[in-house]
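When the letters of the sequence shown are read in order and numbered with the numbering used here, they come out as residues 4 to 229.
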Amino acid sequence: MEFLVENFEIISIVLFAIVIILMILLLGFNKYFALYFSNKKFHIKADFRVDAIDKNKLFIINIFNRNINDVRLSSFGFLYQGRNIDFYKSYLLQKDLPQDHKVVISSRDFLSTQIEMETLKNIVSDINKGNKKVSSLYVYVTDSLGITSKTKSRDIRNQIKAKIKEDLEQHAKEIKLQRQKIKHEEMLFKKKEKIEKKIKRRELRARVVLKLKKILSKIKRKNKNT
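In structure tokens form, the structure reads like this:
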């Protein structure tokens, strides 16, 4: 007992430090498990498809709710270079729903939406600002609590990358054809100028010859008269 009394301050400090450490560990574990279970809440799958009727290229996002409770969404789409490409409102338009509609995925159910390849490709190109490299692309979903789950989508990134490359190659071909066309038109213009100058020289020579003939004719007539 005397030991406790004599070392009360030291024991209090040690106990206080232990409580602080335990609280920090508890908060850390709480955050870890919250992130772990939030990532397990959704299963996100993104596919690439080609419409058999109009040959339109589409990206399909499927969001599966693994939770035992219904989940309300606040945003979903793609993450690219730290920017959210949100297709929540596009989904509402697609389903002909009002803009203030609350999208809810029932327990063990899923949501599916489709995005035209050209739409996403144009957005990525705008973010790139002329850079040919396509960075990592993620599919994400955020619920009404602000918890975000995401998964990397290599297939869609590769499709976007291939499409941007194809467009750049096509643009380069168009520029080359345009330059060839301009060059051809310049050649035709120069050729036309050359022909016109040649015709003018011939006309000038013809006028000179005609004048000389007239002068010679006058001289001959004078000589005859004399």
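Every residue gets a Cβ at the ideal spot worked out from N, C-alpha and C, and that includes glycine.
In the structure shown, the three-state DSSP call for Asn65 is strand. Annotated three-state conformation of Leu82 is strand, per DSSP.
With a cutoff of 9 Å on beta-carbon distance, Lys44 and Val74 are scored as near each other. By the Cβ neighbour-count rule, Phe192 is exposed, with fewer than 16 other Cβ atoms within 10 Å of its own. Taking Lys153 as the centre and dropping the five residues before and after it, the same chain places the C-beta of Leu82, Tyr141, Val142, Tyr143 closer than 7 Å to its C-beta, in chain order. Residue Val106 holds the alpha-carbon nearest to the alpha-carbon of Leu95 among Phe51, Leu29, Val106.
In the structure shown, Ile118 adopts extended strand secondary structure according to DSSP, grouped into three states. Assignment of beta-bridge partners to Ser152 by DSSP yields Val144. Counting only the Cα atoms, Arg208 lies some 15 Å from Ile218.
With respect to the C-alpha of Ser109, the residue from Lys216, Ile66, Val127, Asn161 having the closest C-alpha is Ile66. Val107 sits in a strand when the DSSP states are folded into three classes.
Around the CB of Asn68, 16 or more other CB atoms lie within 10 Å, so the residue is classed as buried. Per DSSP, the continuous alpha helix (DSSP H) segment holding Lys92 begins and ends at 91-97.
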